[in-house]
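Chains as they are written, first to last, in our numbering: chain C, 12 to 729; chain P, 313 to 500.
Reading through the structure tokens given below for one structure.
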Ligand code: SF4
Ligand code: SF4
């Protein structure tokens, strides 16, 4: 459970990484969920549908107060009771008091994250009421006295063997069965009589339709069916952000939620409960049978920070979450350590950090914030198009403001300056970075001293470009400007040089964009002011280039992702003019490899490339994937005759800018990397990676020397 | 008649573990007679009252799942019957082809219970009530809310879980077996 006391995150991460059983359990489950989701999405236009879902969520949240008012009237109109709980305590107290008043002895619960959020079970148990979780996963967690570690598969961290042992210990069965099916049956048989005698059923609701007062409950096991229909009192507890206007909006969400969550077209049961379920209460000889003649319905709508978040232009985004869990399945750090390291009170993962901030306050969210590398993998899969990395960036910035920024993070934030001062003295700086003194001072500010720092070269990419003077491109077909990123410029100018030469061969007349740093190194430390200033300058600069009919090319996918995704957020309040310019720039912005491939296809170029009878093992950059151009490097290399190209499929390299350098995360970073290294090492040949930090991580982990696709292509042109 | 809609529906429903039978209105009783669990009570939702009587007459212990049942049992008996029930039979509002789902109506307040409580569930679906997708089905459900009230449950296969090591298990708190009987889908 997240507490305000300081956690030793590094130690907790270490323990999770050491736990091989946990690793196996999570990895295989995440892979399964990820694949099932992919399969289920084939039958819809995911991008179109999620854009619509996002729009509907925004609209519903905009009108949340009116919808609430309408809903309360409707539900009270049919005789249900509505309680608007301003915080967690109000919610749990209301339900506990109600249970006491009605003489409730046993409560059956179906899955509800909000009930976990408000610690409902504890409140009921304090009144001497027996609470039975009936979702299989939740029941396992309850018997183990743990917290759910995933939004939809709460016991995902447990193996079958652990569950067998747990049942033996807690259910009084001497020789529990060993098959999942029989274990499930055991729980079914144990819970049946409890359903029959329960005096109150508690459920959540995935959506609530304001006009008809309809609860929508999405489930597979049938326990929500029984929890709403057997006991004489039904209490539904959910967050106020779950309101949507009517049935008209529901379809879009139902297309997305089961597909994203479990990879199903629809779950086994989707219940639409309107009004008090009929008065056909079945009197099972319950304790309170005499008192309750009609089935009672209570709807508890929990605010607990949501209204405040709704007013917050940045955190508001988190309220669009439908709790499908897809972001967790896509997230490399989550895949590696599982939910518990996130504190899970009760929301895990990158989105959990924002929800923890909203529902528990900044202090609880502080520790887990850094676990998000801002790799953006989750943004590809989120059905509500939530920019989770941005939420985490904002939270980091707010924490910096509240608590001050670490010296180390300030150093990482200024990749631009480091380069500017280091390049002229490259050999000196490189040597100095390797001295014991440097290692000690790195260590003292929280940088993993066993990491190799990127080496500087004398003479930058910009110097090279200027010095070579005017170049005539034969048959120029396009004009473009190169966005110069800090690392290519100072540490790997030869990558830039290769890119320039490749593009000139296909008729691109190039110049440099003379831009500022894209801002990502600073953004990922939660420093927003500098990047905002740079973003404005860059937009003016790039827009002028676009007006001169030039395309803008990015060698580092992370810079492109900054300009495309982060600038819009940074500059949200800078007026429409700025955003229009950004639109124009976006339209003309390309990843270099993507651009190359585009020209080849569009202009049907005959490249006459030299055959390279070699194997290329390609790692896709997270930001290329989140920009929807993950397959581009492989495709480009396949143009080379005789080249064998292997795309390895891994979540992330684990480095992501400075993440892997930070001492508290470097072990995690290496563990994430190891999964990639293993896949890469299964093949001989040259490793290809487009990102500079991916290259460092892979270089260190495999002792191979990764190349940018442009470095390979230029060889084929020679 | 087998149409692309029924075929797609049947394929999806079968892929999640539902079983499909085709029959005609006349042969429905006979079909049910062959599907229900033997020697255990069969509970029907009220709109299938006639079928309940016919199965009762055919020697099954068949009831309508409300307080006034075909066998005129008292309320206490109803609970006892529910606990012993082998099969719950419900009618339906419509089917959805693209997701392989059936919308079950309130069934006198117990529709949602009769498809979830007994270990075996049968849902009767009229072939002409099949709709293409959710977008077609939901507005229709909404239009009929006033008339049907109460609750509507979309059922897509028998109850299931994957909470233990992602292993798919059919039959958790709801039924282990689901039969969908498509009426006038011909092929009987
Ligand atoms: S941005 Fe990356 S690290 Fe952060 S939550 Fe998303 S997938 Fe996880
Ligand atoms: S943030 Fe998006 S992907 Fe993650 S649980 Fe919420 S809706 Fe699903």
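Quick reminder that beta carbons are idealized off the backbone N, C-alpha and C, glycines included.
Strand pairing of residue i, partner residues [DSSP]
{"i": "residue 45/C", "result": "For residue 45/C, which the question treats as bridged, DSSP gives no partner whatsoever."}
{"i": "residue 489/C", "result": "519/C"}
{"i": "residue 655/C", "result": "626/C"}
{"i": "residue 320/C", "result": "Per DSSP, none; premise fails for residue 320/C."}
{"i": "residue 718/C", "result": "699/C"}
{"i": "residue 406/P", "result": "415/P"}
{"i": "residue 211/C", "result": "118/C, 244/C"}
{"i": "residue 284/C", "result": "226/C, 463/P"}
{"i": "residue 432/P", "result": "399/P, 489/P"}
{"i": "residue 368/P", "result": "For residue 368/P, which the question treats as bridged, DSSP gives no partner whatsoever."}
{"i": "residue 254/C", "result": "219/C"}
Residue i Cβ short of 8 Å to ligand 2 heavy atom set
{"i": "residue 418/C", "result": "no"}
{"i": "residue 479/C", "result": "no"}
{"i": "residue 529/C", "result": "no"}
{"i": "residue 443/P", "result": "no"}
{"i": "residue 386/C", "result": "no"}
{"i": "residue 11/C", "result": "Residue 11/C is absent from the model: chain C starts at 12 and stops at 729."}
{"i": "residue 369/C", "result": "no"}
{"i": "residue 341/P", "result": "no"}
{"i": "residue 399/C", "result": "yes"}
Distance, residue j Cα to residue i Cα
{"i": "residue 290/C", "j": "residue 417/P", "result": "Note that residue 290/C scores 43 on pLDDT, short of 50, meaning its location in the model is unreliable and no value can be drawn from it."}
{"i": "residue 412/P", "j": "residue 460/P", "result": "22 Å"}
{"i": "residue 44/C", "j": "residue 272/C", "result": "8 Å"}
{"i": "residue 431/C", "j": "residue 501/C", "result": "8 Å"}
{"i": "residue 15/C", "j": "residue 215/C", "result": "In this predicted model, residue 15/C has a pLDDT of only 42, less than 50, meaning its place in the structure is not dependable; the value taken from the coordinates is given anyway. Roughly 28 Å separates the two Cα atoms."}
{"i": "residue 728/C", "j": "residue 62/C", "result": "42 Å"}
{"i": "residue 445/P", "j": "residue 505/C", "result": "55 Å"}
{"i": "residue 20/C", "j": "residue 676/C", "result": "9 Å"}
{"i": "residue 382/P", "j": "residue 430/P", "result": "Note that residue 382/P scores a pLDDT of 48, beneath 50, so its modelled location is shaky; the value from the coordinates is reported in the next line. Each residue's alpha carbon lies about 19 Å from the other."}
{"i": "residue 622/C", "j": "residue 649/C", "result": "11 Å"}
{"i": "residue 352/C", "j": "residue 528/C", "result": "34 Å"}
{"i": "residue 348/C", "j": "residue 530/C", "result": "29 Å"}
{"i": "residue 442/C", "j": "residue 464/C", "result": "11 Å"}
{"i": "residue 552/C", "j": "residue 490/C", "result": "16 Å"}
{"i": "residue 445/C", "j": "residue 96/C", "result": "58 Å"}
{"i": "residue 348/P", "j": "residue 226/C", "result": "32 Å"}
{"i": "residue 488/P", "j": "residue 401/P", "result": "14 Å"}
{"i": "residue 591/C", "j": "residue 195/C", "result": "56 Å"}
{"i": "residue 350/P", "j": "residue 198/C", "result": "25 Å"}
{"i": "residue 328/C", "j": "residue 657/C", "result": "38 Å"}
{"i": "residue 493/C", "j": "residue 544/C", "result": "20 Å"}
{"i": "residue 433/P", "j": "residue 490/P", "result": "5 Å"}
Check: residue i C-beta below 8 Å from any heavy atom of ligand 1
{"i": "residue 497/C", "result": "no"}
{"i": "residue 403/C", "result": "yes"}
{"i": "residue 337/C", "result": "no"}
{"i": "residue 361/C", "result": "yes"}
{"i": "residue 382/C", "result": "yes"}
{"i": "residue 390/C", "result": "yes"}
Own chain residues within Cβ distance below 7 Å of residue i, not counting five before or after
{"i": "residue 317/C", "result": "250, 251, 252, 330, 369"}
{"i": "residue 357/C", "result": "124, 127, 128, 158, 159"}
{"i": "residue 695/C", "result": "626"}
{"i": "residue 353/P", "result": "373, 375, 393, 396, 397, 398"}
Close-in-space but distant-in-sequence residues of the same chain around residue i (CB under 6 Å, 5 per side omitted)
{"i": "residue 296/C", "result": "Only weak support is given to the placement of residue 296/C: the predicted model assigns it a pLDDT of 39, under 50, and the value that follows is read from those uncertain coordinates. Here the set comprises nothing."}
{"i": "residue 498/C", "result": "703"}
{"i": "residue 380/P", "result": "A caution first: residue 380/P carries a pLDDT of 49, below 50, which makes its placement in the model unreliable, though a value can still be read off. If we look at residue 380/P and ignore the five residues flanking it on each side, it has no Cβ neighbours."}
{"i": "residue 519/C", "result": "489, 491"}
{"i": "residue 435/P", "result": "402, 404, 414, 492"}
{"i": "residue 143/C", "result": "119, 205"}
{"i": "residue 548/C", "result": "527"}
Whole-number beta carbon distance between residue j and residue i, since they are thought to touch under 8 Å
{"i": "residue 388/C", "j": "residue 341/C", "result": "5 Å"}
{"i": "residue 511/P", "j": "residue 437/P", "result": "Absent from the model: residue 511/P. The displayed extent of chain P is 313 to 500, so no value can be given."}
{"i": "residue 323/C", "j": "residue 232/C", "result": "Not a contact, Cβ separation roughly 36 Å."}
{"i": "residue 580/C", "j": "residue 597/C", "result": "So it is not a contact: roughly 13 Å between Cβ atoms."}
{"i": "residue 707/C", "j": "residue 390/C", "result": "In fact, because the Cβ distance is near 24 Å, the residues do not count as touching under 8 Å."}
Contact set for residue i: own chain, Cβ-Cβ below 8 Å, skip 5 residues either direction
{"i": "residue 289/P", "result": "The requested residue 289/P does not occur in the structure, where chain P is confined to residues 313 to 500."}
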